[in-house]
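Following: one structure in structure tokens, then a few remarks.
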Amino acid sequence: MCAWKREWRLRERTPQNSVDPLYASAIGFLGLAFGSFLNVCIYRLPLGLSVVTPRSKCPGCKQLIAFYDNLPVISWMLLRGRCRRCRTHISPRYLFVELLTGALFLGCYAYFGLTLETVKYCAFGFLLLGLIFTDAETKLLPDKLTLPGLGLGVFFSLLVPVHDLASQFLPGMLNLPFSADISARLLSLLDSLLGAALGASFIYGAGAVYLRWRGAEGMGFGDVKLMAMVGAFLGIKLTIFTIFTASLAGSLFGLTTVLVVWIKRTHRFARRLANLQAARRRGWQSAQMVYRHYQMPFGVFLGSMALLALFVGNQFLRWYGSFWW
Ligand SMILES: [Zn+2]
Numbered sequence: 010m011c012a013w014k015r016e017w018r019l020r021e022r023t024p025q026n027s028v029d030p031l032y033a034s035a036i037g038f039l040g041l042a043f044g045s046f047l048n049v050c051i052y053r054l055p056l057g058l059s060v061v062t063p064r065s066k067c068p069g070c071k072q073l074i075a076f077y078d079n080l081p082v083i084s085w086m087l088l089r090g091r092c093r094r095c096r097t098h099i100s101p102r103y104l105f106v107e108l109l110t111g112a113l114f115l116g117c118y119a120y121f122g123l124t125l126e127t128v129k130y131c132a133f134g135f136l137l138l139g140l141i142f143t144d145a146e147t148k149l150l151p152d153k154l155t156l157p158g159l160g161l162g163v164f165f166s167l168l169v170p171v172h173d174l175a176s177q178f179l180p181g182m183l184n185l186p187f188s189a190d191i192s193a194r195l196l197s198l199l200d201s202l203l204g205a206a207l208g209a210s211f212i213y214g215a216g217a218v219y220l221r222w223r224g225a226e227g228m229g230f231g232d233v234k235l236m237a238m239v240g241a242f243l244g245i246k247l248t249i250f251t252i253f254t255a256s257l258a259g260s261l262f263g264l265t266t267v268l269v270v271w272i273k274r275t276h277r278f279a280r281r282l283a284n285l286q287a288a289r290r291r292g293w294q295s296a297q298m299v300y301r302h303y304q305m306p307f308g309v310f311l312g313s314m315a316l317l318a319l320f321v322g323n324q325f326l327r328w329y330g331s332f333w334w
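Under the numbering used here, the first residue of the sequence shown is numbered 10, with each subsequent residue one higher.
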């Protein structure tokens, strides 16, 4: 086995656990800064605005925000979530996204060490956080995040092994006329492409079924592109994990919403109607209306579960697999 390939193999199996405080703080701060930029993307991309120029303005008084009022986390805390001039409320989302991005970068460093994996998964997590919050706020998944993300996922598969089904099973069956390290990289690329194809076609198929069943669009092309990106970064196995857990979480969320609406409306109708039976029926009708018309931002669930897959997906699959083979 050539040295390069040995290193490729070693790196994918031994997560580095020694955390250097200096590197950790640098990477944490970098995460906060990227989070700050991500807030600009979340606000501007759905509006079709450039994320580079012009500089950020207060949505209330339209004044440029000074650099010292634009520092991640600190500025929001000092100004208690308001503009310095006009006191317009600034959403706590700005704080959350910065803190989450910082935590994500730190998490990647603690988990993967000072490696290319950390770079790959920081980029992946950055895109996912942007998509999760944009979908939650606007029900949009901008192409400007998903498509470059898809390209980046495919590109990174050449540098960091995806280590999925093709890399596991094909080398025994297939004799590629390349050196070992090139074969390993090509198989990793194949894993990435297969993951993207599976993720996209599964969501596309589910959307088509849903459209026929309920006569409404349940999943848009945004979700299809999001899952192509997730598949390119994670490969087939973790893509299946992501789709399965997201469907579970989404269904639980939908059921809870319907139940909460039913209970609340029943209480409200019970105050007006003397008959509890009638109140329950009216409450149930309201809950059904919500069920029919509520559009769930499914990208939020897909994105969150892809993040979960990144950190615990493989452990879960190993644990689950131990029951079967
Ligand atoms: Zn203002």
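Here a beta-carbon is modelled for each residue, glycine too, at the ideal position from N, C-alpha and C.
Have a look at the DSSP bridge pairing and note the partners of residue i.
| i | result |
| --- | --- |
| His172 | Answer is none; His172 lacks a bridge partner. |
| Lys66 | Leu73 |
State the DSSP-derived secondary structure class of residue i, mapped to helix, strand or coil.
| i | result |
| --- | --- |
| Arg91 | strand |
| Leu80 | coil |
| Leu282 | coil |
| Pro186 | coil |
| Leu247 | helix |
| Pro180 | helix |
| Gly122 | coil |
| Ser331 | coil |
| Glu107 | helix |
| Trp294 | Per the sequence shown, residue 294 should be read as Gln rather than Trp. Looking at Gln294 - three-state DSSP - the assignment turns out to be helix. |
| Tyr7 | Because the chain is modelled from 10 through 334, residue 7 falls outside the range shown and cannot be assessed. |
| Val257 | Checking the sequence shown, residue 257 turns out to be Leu, not Val. Reduced to three states, the DSSP call for Leu257 is helix. |
| Gly57 | coil |
| Met305 | coil |
| Ser27 | coil |
| Trp13 | Because the pLDDT at Trp13 is just 49, under 50, the model does not fix this residue reliably, and the value given afterwards should be weighed accordingly. Correct three-state label for Trp13: helix. |
| Arg22 | At Arg22, the pLDDT of 48 sits below 50, so the modelled position is not reliable; the number obtained from the coordinates is stated separately. Reduced to three states, the DSSP call for Arg22 is helix. |
Which first and last residues belong to the alpha helix (DSSP H) in which residue i is found?
| i | result |
| --- | --- |
| Phe320 | Premise fails: Phe320 is in no alpha helix (DSSP H) and is neither H nor E. |
| Met238 | Phe230 to Leu243 |
| Lys153 | Asp152 to Phe165 |
| His98 | Element bounds for His98: n/a, residue is neither H nor E. |
| Pro30 | Pro30 to Arg53 |
| Ala132 | Leu125 to Thr147 |
| Gly214 | Ala189 to Arg223 |
Can you tell me whether residue i is buried or exposed, with buried defined as 16 or more other CB within 10 angstroms of its CB?
| i | result |
| --- | --- |
| Lys66 | exposed |
| Ala35 | exposed |
| Met236 | buried |
| Met298 | exposed |
| Asp232 | buried |
| Val171 | buried |
| Ser166 | buried |
| Lys234 | buried |
| Val163 | buried |
| Cys70 | exposed |
| Tyr329 | exposed |
| Lys129 | buried |
| Gly57 | exposed |
| Gly214 | exposed |
| Val218 | exposed |
| Thr283 | The identity of residue 283 in the sequence shown is Ala, whereas the question assumes Thr. Per the 10 Å Cβ criterion, exposed. |
| Tyr77 | exposed |
| Leu344 | This structure leaves residue 344 out entirely; the chain is present only between 10 and 334. |
| Cys95 | exposed |
| Gly208 | buried |
| Val60 | exposed |
Q) Using 8 Å as the threshold, is the segment 209 to 226 in touch with the segment 142 to 158, meaning 3 or more CB pairs across them? A) no
Q) So, do the segment 255 to 269 and the segment 304 to 320 have three or more beta carbon pairs nearer to each other than 8 Å? A) yes
Q.
Contact between the segment 198 to 205 and the segment 237 to 248 is defined here as three or more beta-carbon pairs at a separation below 8 Å; is this criterion met?
A. yes
Q) Would you call the segment 116 to 136 and the segment 35 to 47 in contact, with 3 or more CB pairs under 8 Å? A) yes
Q. Touching or not, the segment 50 to 67 and the segment 146 to 156, by the rule of three or more beta carbon pairs under 8 Å?
A. yes
**Q.** Validate contact between the segment 316 to 326 and the segment 266 to 285 using beta carbons, cut 8 Å, 3 pairs
**A.** no
Q.
For the segment 100 to 113 against the segment 80 to 92, do three or more pairs of beta-carbon atoms, one drawn from each stretch, fall closer than 8 Å, so that the two count as touching?
A. yes
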